[in-house]
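A.B. asks: Protein chains in written order, with the numbering used here: chain A, 1 to 430; chain B, 1001 to 1430.
We put the beta carbon where it would ideally sit given N, CA and C, even for glycine.
Handing you this structure, nothing more for now.
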């Protein structure tokens, strides 16, 4: 059997501990599968004395992960600290600078600095692996970069944030509102104390930016991702979606359009019997549409110690067996900065909910605003009358370019009887 | 850029032509992704003069694929002939014997001779790749062998035969019977003139045997696969399943049990809202249950030129970039022939349909037979009475060991008023 692959782990939080436990539990099988053992030679975390429920006594302890990345007796540095900058970034740079391979679960780091880090890895003749950064345990990076590599990808989309999916699924199942379910998710540990990254779509956007790079061979382009979260989705919208034959999911979608590659994260209404609607709770799913393979979907747990460690260990095993790949599927010099499309150019159907004072003539004003923006209504939902009161008016718009829909909604928002900013949710046939 | 990877293709049927077309259409992208071009240097097929709609004029023509495998100027032999023996097997053996890597889509060959061929590949220091042999375009072999390699797999199951799934989906949608829909599928090209391999579960069994090997690290063990096809499933059973909250799918299931690894292919009733029920038409799906990753599902097109070529080309690209892997995930010497469990030991719930003469006392006889076999009934469906006529009696049995269920059904079959062999379909919570 060949010499062990020596790894140093920076960060012993949930995922770090899960990785240590997996490597120890399956040490024998993993060694057989790789024809060499994996040996944890060094670890680094904030507090040396904390009991983490895993044994790292065989490893050299470093208080400073950057020093570890530079100095440890290790072939691979596993970065599980998190965050787009600061010590995580320094650790990865130091590791590549010292000629070591890197495995990371850090989507924020790669979404912001991925192209630079990939270039640094290539310059050092090393690999930067990040399966765990996108959709947790689902081997989607490998599938896109290797398993479907013969295809030209037309679209990749999916449910990339388990927290949002849990919140939306629970809102639907219980009829409760966003704030209430968010508080419960925080209590259960499914959402952070500061939920911004999750519920405002930033985390899904980071992951989408990485999928886009691999799928379309572009430098990572997080700033071009259109981001919209789920805070404005109400229990009423979910009930309306149900009545219209849809469910509401937070989707990330990257697609080749005539205006360039469009990357967008936002709540969507998707048909109840489609491939996305059935993905519930903390599960993630990614659909790849390739020109030869057709529609391929991968589904699994997007977060948690076990699934994330599964992905981290798969990357380590790839390095142990010499199965490294280019970070984004091709050498950095071959990534092409093709144009990025903006959400204005998106063409789709829309769900619109207005809160209006129920009085004669309001509907004529709304209809005129739509007409002026050259947007046509497909259907309208109304539940009884209530003269003088504030009532919801729900309509769906025929497919139109988003710039026109936005224009129409701006006019509608100016109507005196419309008392709240219109709520708009895109409808997708996904 | 490195030297081209030279490939020779044996077999220019649908998949062979699809592979040539994909390689030519995406030659530039593939070369960039692999850092080297893929060059088709030789081809072999039965009839040289036939117009196949693809240009192979740059390749050396061989009438004999075995000679090509031995002599062609090629690094990789791509075997797309099919069949478990004969020329396909000789071609693969000749290729490995001549020190060439092999890519094949041939599930029958590997299910029957896979362990021997893997040993030959290892002996030659070469690779035997077969992503296209299981579930068409879905990169499930790569996912199991690499992407989920850190896990101990507890169960792997799925819809592995698109023909059966198309037939069952169509029977359900139209209420038509098996023979009628089969004839249509044959007419549409979804089923072979001799449909035995598909509708009797053999093809799914071949694929399951390969999945089992990779998932559980065992030598390929096709003879142990319990095989049952879909010929006995009637439109009435599908309607009854619907009434009970199920859909009927032909599943392949491999699982670790206390009696050993159980491999089984048979029609199943699965809950309508579960991960399998929504997979329709010619789509395939495979679910992997790993101890760390949890439940992971991959879904896509299981057959056809495009999807299959996508998988063939992915294997070729892996070889071009040095990403080969052990055929079944570990060296052949480490495959462990752990015990194989038989279907008798399976524990599950059952759907039973009897055709009985509607006369007093029949039901007491049936109930006695169940009691004697220590099997307990969960529910019974009856649609009205029709004294003296032959009527269906449909019941579901509480989870029981299959040996007991089989015993009960044998006794029931002996009851005079039971005029057809009982139809039994397993119910699974998948």
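1. Quick one: residues in its chain with C-beta nearer than 8 Å to the C-beta of residue 259/A, no 5 flanking neighbours on either side, listed in chain order?
2. Tell me the residue span of the alpha helix (DSSP H) that contains residue 1077/B.
3. Rounded to the nearest angstrom, how far is the Cβ of residue 263/A from that of residue 209/A, given a contact under 8 Å?
4. Please compile the residues from chain B whose C-beta is within a distance smaller than 7 Å of the C-beta of residue 151/A.
5. Taking the alpha-carbon positions, what's the residue 47/A to residue 185/A distance?
6. By the three-class DSSP mapping on this structure, what secondary structure does residue 1246/B have?
7. Along the alpha helix (DSSP H) that carries residue 198/A, what are the first and last residues, could you check?
8. Going by DSSP, what residue range makes up the beta strand (DSSP E) through residue 1167/B?
9. Check this for me: beta carbons of residue 172/A and residue 238/A, under 8 Å apart or not?
10. Excluding five sequence neighbours on each side, which residues of the same chain lie with their C-beta closer than 6 Å to the C-beta of residue 152/A?
11. Taking residue 387/A as the reference, which of 396/A, 366/A, 178/A and 361/A has the closest Cα?
12. Using a Cβ cut-off of 7 Å, which residues of the segment 1278 to 1305 of chain B contact any Cβ in chain A, in chain order?
13. DSSP puts residue 10/A in a beta bridge; with which residues?
14. Any contact between the segment 241 to 252 of chain A and the segment 123 to 135 of chain A? By contact I mean 3 or more CB pairs, one from each, below 8 Å.
15. Determine, using beta carbons only, whether residue 1488/B and residue 1229/B come nearer to each other than 8 Å.
16. For residue 261/A, which residues does DSSP report across the bridge?
17. If you follow the alpha helix (DSSP H) that residue 1328/B is in, where does it begin and where does it stop?
18. Taking the CB atoms as reference points, tell me whether residue 1396/B and residue 1349/B lie closer together than 8 Å.
19. Please report the straight-line C-alpha distance between residue 356/A and residue 272/A, rounded to a whole angstrom.
20. Can you tell me whether DSSP reads residue 1403/B as helix, strand or coil?
21. Among residues of its own chain, excluding the 5 on either side of residue 413/A, which ones have a beta-carbon nearer than 8 Å to its beta-carbon?
22. Does any C-beta atom of chain B lie closer than 8 Å to the C-beta of residue 146/A?
23. Alpha carbon to alpha carbon, how far is residue 286/A from residue 432/A? Give it in angstroms, no decimals.
24. Quick one: list the residues of chain A neighbouring residue 1317/B, beta-carbon separation under 8 Å, in chain order.
25. By DSSP, does residue 1054/B sit in helix, in strand, or in coil?
26. I'd like to check one pair, residue 72/A with residue 96/A: are the Cβ atoms closer than 8 Å?
27. Ignore the nearest five residues each way along the sequence and tell me which others in residue 330/A's own chain have a CB closer than 6 Å to its CB.
28. For a contact meaning CB atoms closer than 7 Å, what does residue 33/A contact in chain B?
29. Indicate the three-state DSSP secondary structure (helix, strand or coil) for residue 107/A in the structure shown.
30. What span of residues does the alpha helix (DSSP H) with residue 431/A cover, start to end?
31. Can you give me the start and stop residues for the alpha helix (DSSP H) that residue 1317/B sits inside?
32. Grouping DSSP H, G and I as helix and E and B as strand, with all else coil, what is residue 224/A?
33. Is the Cβ of residue 323/A closer than 8 Å to any Cβ of chain B?
34. How far does the alpha helix (DSSP H) with residue 70/A in it extend, from its first residue to its last?
35. Output needed for residue 380/A: all residues of its chain with C-beta closer than 6 Å, excluding positions within five of it in sequence on either side, in chain order.
36. For residue 1137/B, decide whether its Cβ has a neighbour in chain A, counting only Cβ atoms nearer than 8 Å.
C.D. replies: In this structure, then:
1. 339, 341, 342 and 345
2. Run containing residue 1077/B: none in the alpha helix (DSSP H); it sits in the beta strand (DSSP E), 1076 to 1079.
3. Indeed they touch by this definition, with Cβ atoms about 7 Å apart.
4. 1310
5. If you take the alpha carbons of residue 47/A and residue 185/A, they lie about 27 Å apart.
6. Collapsing the DSSP output to three states places residue 1246/B in a strand.
7. Taken as a continuous stretch (DSSP letters only), the alpha helix (DSSP H) holding residue 198/A covers 196 to 199.
8. No beta strand (DSSP E) holds residue 1167/B; the alpha helix (DSSP H) holding it covers 1162 to 1174.
9. yes
10. 291
11. Of the listed residues, the one whose Cα sits closest to residue 387/A is 361/A.
12. Against chain A - using a Cβ distance shorter than 7 Å - the residues of the segment 1278 to 1305 of chain B are 1278, 1290, 1292, 1293, 1294, 1295, 1296, 1297, 1298, 1299, 1300 and 1301.
13. 44/A and 79/A
14. no
15. Nothing can be reported for residue 1488/B: it is not among the residues displayed for chain B, which extend from 1001 to 1430.
16. Looking at the DSSP output, residue 261/A sits in a beta bridge with 256/A and 340/A.
17. Bounds of any alpha helix (DSSP H) do not take in residue 1328/B, whose DSSP letter is neither H nor E.
18. Against a cut-off of 8 Å, the Cβ pair of residue 1349/B and residue 1396/B comes out as a contact.
19. 29 Å
20. helix
21. 421 and 422
22. yes
23. Absent from the model: residue 432/A. The displayed extent of chain A is 1 to 430, so no value can be given.
24. 146, 149 and 150
25. coil
26. In terms of Cβ geometry, residue 96/A and residue 72/A do not form a close pair [threshold 8 Å].
27. 217
28. 1149, 1329 and 1330
29. helix
30. The requested residue 431/A is not part of the displayed model; chain A covers only 1 to 430.
31. 1305 to 1320
32. helix
33. So yes, residue 323/A belongs to the interface.
34. 65 to 71
35. Excluding residues within five positions, the ones whose Cβ falls inside 6 Å are 395.
36. yes
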